[in-house]
Amino acid sequence: MKIFEIIENIIKLKKSTFNMMKNNNKIINCNELSGMQSIILLFIHRNNISLLELVNDCMLTNVPYNIKQMKNSGYITQKKTEHDKRSYEIKLSKKGLEIVKKLEERLKLYDEAYPNFVNMPQSAIVNSMKQIEDLFKFMKK
């Protein structure tokens, strides 16, 4: 079952990613955010994404809880969208933007270190991951 090895490594990578982001939070003196919350902030910043899109597209767990925590801590603002009153628009606050800027600086260090650890272009890895996602979606039918 070679496909299970891929699944296993995806799960390990997800956990490692959350741990890496949590460690970066500590480095930038932002201990109140979890690794997942940092990732959510980055998604919001890069994609101008709604709560519903975060839940459906990003496959992150407990998104509503994490959004509530970040709103209460002042990292994001939330308001109902004009076109669909059931949907919420989420934006970064000034505090959220400051943290995202620091996180992006930290992530640049990973970009710089990447060639020393991986001998495959990032675009090739991203394309492979998208192809695996397409396979999983296709097999749902």
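Numbering-wise, the working numbering puts 48 at position 29 of the sequence shown, and it's gapless, one number per residue.
The C-beta atom is built at its ideal place from N, Cα and C for all residues, glycine as well.
For residue i, name the three-state secondary structure that DSSP assigns.
{"i": "GLU108", "result": "strand"}
{"i": "SER53", "result": "coil"}
{"i": "ASP76", "result": "helix"}
{"i": "MET148", "result": "helix"}
{"i": "HIS102", "result": "coil"}
Any heavy atom of the ligand ATP within a distance shorter than 6 Å of the CB on residue i?
{"i": "TYR133", "result": "Inclusion of the ligand ATP in the displayed structure is not the case, the ligand content being empty and no account of it being possible."}
Where do the N-terminal and C-terminal ends of the beta strand (DSSP E) with residue i fall, by residue?
{"i": "LYS159", "result": "No beta strand (DSSP E) contains LYS159, which DSSP labels as neither H nor E."}
{"i": "THR96", "result": "95 to 99"}
Tell me which same chain residues have a C-beta within less than 7 Å of the C-beta of residue i, skipping the five on either side of it?
{"i": "TYR133", "result": "GLN141"}
Would you give the residue range spanned by the alpha helix (DSSP H) that residue i belongs to?
{"i": "SER35", "result": "21 to 46"}
{"i": "MET89", "result": "82 to 91"}
{"i": "ASN135", "result": "113 to 136"}
With DSSP as the reference, please indicate the residues paired to residue i in a beta bridge.
{"i": "SER69", "result": "GLU108"}
Task: Segment contact, 8 Å Cβ cut-off, at least three pairs: the region 22 to 39 with the region 66 to 73 - done: no
- [ ] State whether the region 113 to 126 contacts the region 79 to 86, with contact taken as three or more CB pairs (one from each stretch) at a distance under 8 Å.
- [x] no
TODO: Say whether the region 98 to 105 touches the region 146 to 157, bearing in mind that this needs 3 or more beta-carbon pairs closer than 8 Å, one atom from each stretch.
DONE: no
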